[in-house]
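Engineer: Residue numbers (our numbering), protein chains in the order written: chain A, 44 to 279; chain B, 38 to 634.
Let me give you the structure first, and then I'll get to my questions.
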Amino acid sequence: MSKRTVHFKMYRYDPDRDEKPYMQDISVELEESDKKLLDALVRLKAKDDSLSFRRSCREGVCGSDAMNINGKNGLACLTDIDKLAQPVVLRPLPGLPVIRDLIVDMTQFFKQYHSIKPYLVNNSPAPERERLQSPEEREELNGLYECILCACCSTSCPSFWWNPDKFVGPAGLLAAYRFLADTRDEATTERLDNLEDPYRLFRCHSIMNCVDVCPKSLNPTRAIGKIKDMMVSRAV
Amino acid sequence: MTVAKRTFDAVIVGAGGAGLRAALQLSEAGLKTAVLTKVFPTRSHTVAAQGGVAASLGNSTEDNWHWHMYDTVKGSDWLGDQDAIEFMCRKANEVVVELEHYGMPFDRTDNGKIYQRPFGGHSQNYGQSPVSRSCAAADRTGHAMLHALYQRNVRANTQFFVEWIALDLIRDQDGDVVGVTALELETGEVSIFHSKATIFATGGAGRIFYSSTNAFINTGDGVGMAARAGIPLEDMEFWQFHPTGVAGAGVLITEGVRGEGGILRNAAGERFMERYAPNLKDLASRDVVSRSMVTEINEGRGCGPDKDHVLLDITHLSPETIMKRLPGIREISIQFAGVDPIKAPIPVVPTCHYQMGGIPTNYKGQVVVPKDGEPNTPVVGFYAAGECACASVHGANRLGTNSLLDLLVFGKSAGESVVDDIQSGNLSLKPLPADAADASLARISRLENQTGGESVAEVGQAMRRSMQKHAGVFRFDNLLKEGVTAILDVAERSKRTEIKDKSKVWNTARMEALELDNLIEVAKATMISAEARKESRGAHVRDDAPDTAEFPNGRNDKEWLKHTLWYREGNRLDYKPVTMKPLSHDVEPIALAKRTY
């Protein structure tokens, strides 16, 4: 099989060296076994070790290698290299400060995640064995607990771009609903109070970019809708 | 370079399952704790565990910890320490129920209890029939567990140093551990973390092999740091090749697929495991299944144009079962094999998965070394848990679902030991040696100034190829001998790696060079320990130790029922006895026997 060459337009910025970011034209020859964008990036890095990006599991469960690929957020390890239009334009996730090349500062993203108290609250005395939960009750958590915190969703959301300090964003709100939906959690009132605010929840305008980009096919917009429903039903 | 100094009661290196579980003990006890992690905690490789965590809850089938202990000892091919194995199996229900209380979203049975599925090597009544012992959250158990543990740590206000890579262990003139050095990726600054106690929970080093289910970050950092600091490494010849990595890609397909009824087939469509393990068949222990697969391939019954893999078939399961119990596997299969397992079988091949050996510890999580004739003397201030440690509960072969259990039980136990040792005054803050950061600074400065060396990518590739060729599923005397020479050569080359990137900020080239230093220690330990062990046991099977009447399965208990200890200095090997006595007086030892499934 003939070797394939992939051309990139790559966002580059090293604050130690560059005055400002620039787009670099680079290309790399792939081996037959290279299937994903991440394979190509690893091969590029073997040529130019200064190219900087995060990566770990290379199978879409750790959430490290989120980036903006031809204008759309996604995971490099789950993106088929052969299906991408060339030159492949790679940029860091939008809306967060860039540290270097494709590496962004995720402080604000995690701050919002932490702000929803992402842990089960149950102050009843713990039984000796597991708390019971029916299969149907457990099913309510499907589509919520699988989030990998890659930030593809929040950094594709215009509301998060404008107000990253005030709007929780789709990832954080998906997590908020994950605990609201859990029959074992006892903090429903506090959780809703925590989101009762013009920005934290209600800046979501159902643009649905989050749904479009989620590499795990989750639906934060639907979860946000359910939180809004809970707000309404407790108001009446 | 100036070196900042920070002081804590305890420092934990690694924020996967073991590190996070240990951190909870310390944070909840109010100790001043730092958790160093080179990736954001939920990116640790525990996240990729799929099939489940073992506990004899007995929610679906009758079970008890004695059966679990028997299975684990047998699975280890009797190389596991029976005191640690008893401890782990007895603690399993407690730590799994705790996780449920933390909010882990386990699947449920109809009566609302934790869902459990069968898994390889786990049995009822001492090997009689399969048992449902694996507590699962679909096929995303590791993800659900890691997130639940991280979330609980958020609640406990644990202090994390995210994207810091630990560099070297600091020992004082008495050999006591007084902290670590670490580099902050964002700034490139080196700091000293000075502490009363140091816990390593850095995971395995599966990236020494070319074909691995492991994440890029699994570079054996703790194991390498320990080796450089003069701590011997235990049983490093034992590596688990998981039967079902996606052919070509290496990505893991959980054994839970076979637990749910999946079948391995050769080119003729035959369920070949019936011939190798008539009782447990596809659910035999991993080493047994992997060898059977390689035998099928070597004898020409492999699948595909190159006859280089076998097929994992679940097309007979209902689409509903697949979507409900194995949704992640379906995604992986479509993504990495181009196959929807509802419609067609998945091409799979044995792939390096787990490091059974590691930093020697006891069941309390204390690191132990031979001293003054006592083989298991604790190193003051040093603890380890999870895949980087060797307790030893997995011996020569780990059972599926025992890794998640290991990290919970020994993460907690190491945490408890540190809390006890600090609160009882056994541990105090000893002064730092004057040269505490010198070794780390020398490594950094070598990379800064090296010219004319090879790239990290090249040397790493040479190591991975060599390990794959010389220390694979089946081992051969001549290949192992060649392998020792080859790896020592690669180790020399690794001393002269050169990086072009000299930036201070998020320098991943430097990180990969530092990681290679750790991988190389693991590779040397593996090859040298494997070459020396002249028997077949568990995952270590060699051509010159075949199955005979005198040595069933090639195992030679008379000479080799002992743990290997590899010392970096001079590549010296030493050995220590296996603990055959359980922890409690009223528990019968599991007597040596031939291993069949």
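The beta-carbon is built from N, C-alpha and C at its ideal position, and this holds for glycine as well.
Tell me which residues share the same chain as Leu-80 of chain A and place their Cβ nearer than 6 Å to its Cβ, disregarding the 5 neighbours each side in the sequence.
Structural biologist: Taking the first residue of the first sequence as 1, we reach residue 80 of chain A at position 37. Ala-119, Thr-122 and Ile-124, listed in sequence order.
Engineer: Nearest-angstrom Cα distance between Tyr-187 of chain B and Asp-350 of chain B?
Structural biologist: In the second sequence, the residue the question calls residue 187 of chain B occupies position 150. In the second sequence, the residue the question calls residue 350 of chain B occupies position 313. In a straight line, the C-alpha of Tyr-187 of chain B is about 35 Å away from that of Asp-350 of chain B.
Engineer: Could you tell me whether the Cβ of Gln-188 of chain B comes closer than 8 Å to any Cβ of chain A?
Structural biologist: Numbered from its first residue, the second sequence carries residue 188 of chain B at position 151. Yes - at least one Cβ of chain A is within 8 Å of the one on Gln-188 of chain B.
Engineer: With a cut-off of 8 Å, does the C-beta of Cys-196 of chain A fall near any C-beta of chain B?
Structural biologist: Translated into the one-based positions of the first sequence, residue 196 of chain A becomes position 153. No - not a single Cβ of chain B is within 8 Å of the one on Cys-196 of chain A.
Engineer: Can you tell me whether DSSP reads Trp-115 of chain B as helix, strand or coil?
Structural biologist: For this step, residue 115 of chain B is matched to residue 78 along the second sequence. Of the three classes helix, strand and coil, the one that applies to Trp-115 of chain B here is coil, per DSSP.
Engineer: Please identify the residue among B:Ala-567, B:Phe-77, B:Asp-209 and B:Arg-295 whose C-alpha is closest to the C-alpha of Asp-472 of chain B.
Structural biologist: Sequence index remark: in the second sequence, residue 472 of chain B carries index 435 (1-based). Out of B:Ala-567, B:Phe-77, B:Asp-209 and B:Arg-295, B:Asp-209 has the C-alpha closest to the C-alpha of Asp-472 of chain B.
Engineer: Would you identify the three-state DSSP class for Tyr-188 of chain A, choosing helix, strand or coil?
Structural biologist: As a position in the first sequence, residue 188 of chain A is number 145, starting the count at 1. Coil, per DSSP.
Engineer: Spatial neighbours of Ala-451 of chain B within its chain, please: CB distance less than 6 Å, with the 5 preceding and 5 following residues excluded, ordered by chain position.
Structural biologist: Here residue 451 of chain B corresponds to residue number 414 of the second sequence, with the count starting at 1. Excluding sequence neighbours, Ala-451 of chain B sits near Ala-59, Ile-236, Gly-402, Tyr-420 and Ala-422.
Engineer: Given a cut-off of 8 Å, decide if Cys-190 of chain A and Leu-244 of chain A are closer than it, judged by their beta-carbon atoms.
Structural biologist: If you number the first sequence from 1, residue 244 of chain A lands on position 201. If you number the first sequence from 1, residue 190 of chain A lands on position 147. Against a cut-off of 8 Å, the Cβ pair of Cys-190 of chain A and Leu-244 of chain A comes out as no contact.
Engineer: Evaluate the contact criterion for the segment 472–483 of chain B versus the segment 501–511 of chain B: three or more CB pairs, one atom per stretch, below 8 Å.
Structural biologist: At 8 Å Cβ cutoff, the stretches do not touch.
Engineer: For Ala-474 of chain B versus Thr-218 of chain B, is the C-beta distance shorter than 8 Å?
Structural biologist: Reading the second sequence from its first residue, position 437 is the one you call residue 474 of chain B. Reading the second sequence from its first residue, position 181 is the one you call residue 218 of chain B. Result yes, Cβ atoms of Ala-474 of chain B and Thr-218 of chain B sit closer than 8 Å.
Engineer: Alpha carbon to alpha carbon, how far is Ser-249 of chain A from Tyr-634 of chain B? Give it in angstroms, no decimals.
Structural biologist: In the second sequence, residue 634 of chain B corresponds to position 597, counting from 1. In the first sequence, residue 249 of chain A corresponds to position 206, counting from 1. Straight-line Cα distance between these residues: approximately 56 Å.
Engineer: Spell out whether any CB of chain B is found under 8 Å from the CB atom of Gln-176 of chain A.
Structural biologist: Counting from 1 along the first sequence, the entry for residue 176 of chain A is found at position 133. By this cut-off, Gln-176 of chain A is an interface position.
Engineer: Label Asn-335 of chain B either buried or exposed according to how many other C-beta atoms from any shown protein chain fall within 10 Å of its C-beta, with 16 as the threshold for buried.
Structural biologist: In the second sequence, residue 335 of chain B corresponds to position 298, counting from 1. The residue in question, Asn-335 of chain B, is exposed, as its Cβ has fewer than 16 Cβ neighbours within 10 Å.
Engineer: Beta carbon of Asn-165 of chain A, beta carbon of Arg-227 of chain A: below 8 Å?
Structural biologist: Translated into positions along the first sequence, residue 165 of chain A becomes position 122. Translated into positions along the first sequence, residue 227 of chain A becomes position 184. Yes, the pair counts as a contact, with Cβ atoms nearer than the cut-off.
Engineer: Is any heavy atom of the ligand ZN found at a distance shorter than 7 Å from the C-beta of Cys-105 of chain A?
Structural biologist: Because no ligand of any kind appears in the structure shown, any question about the ligand ZN cannot be addressed here.
Engineer: Does the pairing of the segment 555–563 of chain B with the segment 528–538 of chain B give three or more beta-carbon distances under 8 Å?
Structural biologist: Touching, yes, given that three or more Cβ pairs across the two stretches are closer than 8 Å.
Engineer: Using three-state DSSP, classify Glu-171 of chain A as helix, strand or coil.
Structural biologist: Here residue 171 of chain A corresponds to residue number 128 of the first sequence, with the count starting at 1. Coil at Glu-171 of chain A, not helix or strand.
Engineer: Kindly list the residues whose CB is nearer than 7 Å to the CB of Thr-109 of chain B, restricted to its own chain and excluding five residues on each side of it in sequence; keep chain order.
Structural biologist: Against the second sequence, residue 109 of chain B aligns to sequence position 72. Answer for Thr-109 of chain B: Gly-117, Ile-122, Cys-126, Val-430, Leu-436 and Asn-439, listed in chain order.
Engineer: Apply the 10 Å Cβ neighbour rule to Asn-96 of chain B and answer buried if 16 or more other Cβ atoms are within range, or exposed otherwise.
Structural biologist: The residue given as residue 96 of chain B occupies position 59 in the second sequence. So Asn-96 of chain B counts as buried.
Engineer: From the DSSP output, which residues share a beta bridge with Ser-228 of chain B?
Structural biologist: Your numbering for residue 228 of chain B matches position 191 in the second sequence. Its beta-bridge partners are B:Ala-41 and B:Ala-219.
Engineer: In the DSSP output, what is Thr-388 of chain B paired with across the bridge?
Structural biologist: To locate residue 388 of chain B, count along the second sequence from 1; it is residue 351. Answer is B:His-279, bridged to Thr-388 of chain B.
Engineer: Consider the Cβ of Arg-98 of chain A: report whether some Cβ of chain B lies at a distance smaller than 8 Å.
Structural biologist: For this step, residue 98 of chain A is matched to residue 55 along the first sequence. Answer yes: the Cβ-Cβ gap between Arg-98 of chain A and chain B drops below 8 Å somewhere.
Engineer: Taking Leu-133 of chain A as the reference, which of A:Gln-155, A:Pro-64 and A:Pro-213 has the closest Cα?
Structural biologist: Position 90 of the first sequence, counting from 1, holds the residue named residue 133 of chain A. Of the candidates A:Gln-155, A:Pro-64 and A:Pro-213, the one whose C-alpha sits nearest the C-alpha of Leu-133 of chain A is A:Pro-64.
Engineer: Could you say if the segment 191–208 of chain B and the segment 76–90 of chain B meet the contact criterion of at least three C-beta pairs nearer than 8 Å?
Structural biologist: These segments touch.
Engineer: Could you name the residues of the same chain whose beta carbon sits closer than 7 Å to that of Gln-155 of chain A, not counting the 5 residues immediately before and after it, in chain order?
Structural biologist: Residue mapping note: residue 155 of chain A aligns to position 112 of the first sequence, counting from 1. Within the same chain, Gln-155 of chain A has close Cβ partners Val-211, Gly-212 and Gly-215.
Engineer: For Thr-388 of chain B, which of B:Thr-281, B:Ile-371 and B:Leu-444 has the nearest alpha-carbon?
Structural biologist: As a working note, residue 388 of chain B is residue 351 in the second sequence. Nearest option by C-alpha distance: B:Thr-281.
Engineer: Identify, in the order they occur along the chain, each residue of the same chain with its Cβ nearer than 7 Å to the Cβ of Leu-18 of chain A, setting aside the five sequence neighbours on each side.
Structural biologist: Any answer about residue 18 of chain A is impossible in this case: the structure gives chain A only from 44 up to 279.
Engineer: Please list, in chain order, the residues of the segment 477–510 of chain B that have any C-beta partner in chain A closer than 9 Å.
Structural biologist: Of all residues in the segment 477–510 of chain B, Ser-492, Val-493, Ala-494, Glu-495 and Gln-498 have a Cβ within less than 9 Å of some Cβ in chain A.
Engineer: Counting only beta-carbon separations shorter than 8 Å, does Val-275 of chain A have a partner in chain B?
Structural biologist: By one-based count along the first sequence, residue 275 of chain A stands at place 232. So, not an interface residue.
Engineer: For a test of the three-state rule: what should DSSP assign to Glu-307 of chain B, helix, strand or coil?
Structural biologist: As a working mapping, residue 307 of chain B is identified with position 270 in the second sequence. It is coil, neither helix nor strand.
Engineer: How many angstroms separate the CA atom of Leu-183 of chain B from the CA atom of Val-133 of chain B?
Structural biologist: Within the second sequence, the letter at position 146 stands for residue 183 of chain B. Within the second sequence, the letter at position 96 stands for residue 133 of chain B. Spanning the two alpha carbons is a distance of roughly 13 Å.
Engineer: When you check each C-beta in the segment 134–148 of chain B against every C-beta of chain A, which residues fall closer than 7 Å?
Structural biologist: The residues in question are Val-134, Glu-137, His-138, Tyr-139, Gly-140, Pro-142, Asp-144, Arg-145 and Asp-147.
Engineer: Please report the Cβ distance between Gly-365 of chain B and Ala-181 of chain B, rounded to the nearest whole angstrom; I am assuming they are in contact, meaning their Cβ atoms lie under 8 Å.
Structural biologist: For this step, residue 365 of chain B is matched to residue 328 along the second sequence. For this step, residue 181 of chain B is matched to residue 144 along the second sequence. About 11 Å separates the two Cβ atoms, so there is no contact after all.
Engineer: So, are the CB atoms of Lys-318 of chain B and Asp-46 of chain B less than 8 Å apart?
Structural biologist: Here residue 318 of chain B corresponds to residue number 281 of the second sequence, with the count starting at 1. Here residue 46 of chain B corresponds to residue number 9 of the second sequence, with the count starting at 1. Against a cut-off of 8 Å, the Cβ pair of Asp-46 of chain B and Lys-318 of chain B comes out as no contact.
Engineer: Tell me which same chain residues have a C-beta within less than 7 Å of the C-beta of Thr-195 of chain B, skipping the five on either side of it?
Structural biologist: Residue numbering aside, residue 195 of chain B sits at position 158 when the second sequence is read from its first letter. Taken in chain order, the residues that qualify are Ala-60, Ser-64, Thr-70 and Val-72.
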